[in-house]
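Enquirer:
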Amino acid sequence: MTTIKIKATSTEYIDMQLTSDGSAINLTGCAVEIRLKYDDKTTENFDTVNDSTRIEKLTPLTDGKVRFKPTETTFGLKRKSADVFYWVTDAENQKIAYPGKGSLRIETAGVW
Numbered sequence: 062m063t064t065i066k067i068k069a070t071s072t073e074y075i076d077m078q079l080t081s082d083g084s085a086i087n088l089t090g091c092a093v094e095i096r097l098k099y100d101d102k103t104t105e106n107f108d109t110v111n112d113s114t115r116i117e118k119l120t121p122l123t124d125g126k127v128r129f130k131p132t133e134t135t136f137g138l139k140r141k142s143a144d145v146f147y148w149v150t151d152a153e154n155q156k157i158a159y160p161g162k163g164s165l166r167i168e169t170a171g172v173w
């Protein structure tokens, strides 16, 4: 499992590279959605079509890199940490989750 540690009210960008078997996912023509499952069992999601101010694909698209932009309340004091995965929907409308279930987590370290 990969764990990213941030402060609870962080607005710093979180960049990730989506890969499959060690190779970057080509995001050309794809929509990307980030899904956060918080410790309080609530979920939240943002996608590159409707929420481009919160998640974006980085160029070159062949590198498979995405940027998530949390707000001060995304990981607020009540929500704390979250398990994270990305849905990638290709031009044929096939949806694949990256990384696999339970392999990415964002943990908060309180406010400082």
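Following my numbering, the numbering of the sequence shown begins with 62 at its first residue and continues without gaps. We put the CB at the ideal spot given by N, CA and C, even for glycine.
#1: What does the alpha-carbon distance come out to for the pair residue 113 and residue 102?
#2: Taking its Cβ as the centre, do 16 or more other Cβ atoms sit within 10 Å of residue 153, making it buried, or is it exposed?
#3: If you draw a straight line from the C-alpha of residue 136 to the C-alpha of residue 166, how long is it?
#4: Flag this pair as yes or no: are the beta carbons of residue 78 and residue 125 separated by less than 8 Å?
#5: Determine the extent of the beta strand (DSSP E) in which residue 86 is found, giving its start and end residues.
#6: Distance check for residue 131 and residue 73, CA to CA, integer angstroms please.
#7: Out of 118, 144 and 98, which has the shortest C-alpha to C-alpha gap to residue 91?
#8: Report yes if the C-beta distance between residue 98 and residue 169 is below 8 Å; otherwise report no.
#9: Residue ranges of each beta strand (DSSP E) run of no fewer than 3 residues wholly in the stretch 143-168, ordered along the chain?
#10: Within a Cβ cutoff of 8 Å, which residues of the same chain sit near residue 142, ignoring the five residues on either side of it in sequence?
#11: Could you have a look at residue 109 and say whether DSSP puts it in helix, strand or coil?
#12: When the distance is taken between beta carbons, is residue 85 closer than 8 Å to residue 123?
Expert: Let's see:
#1: 25 Å
#2: exposed
#3: 12 Å
#4: yes
#5: Neither: residue 86 is in no beta strand (DSSP E) and is coded neither H nor E.
#6: 7 Å
#7: 118
#8: no
#9: 143-150 and 156-159
#10: 99, 100, 136, 166, 167, 168 and 169
#11: coil
#12: yes
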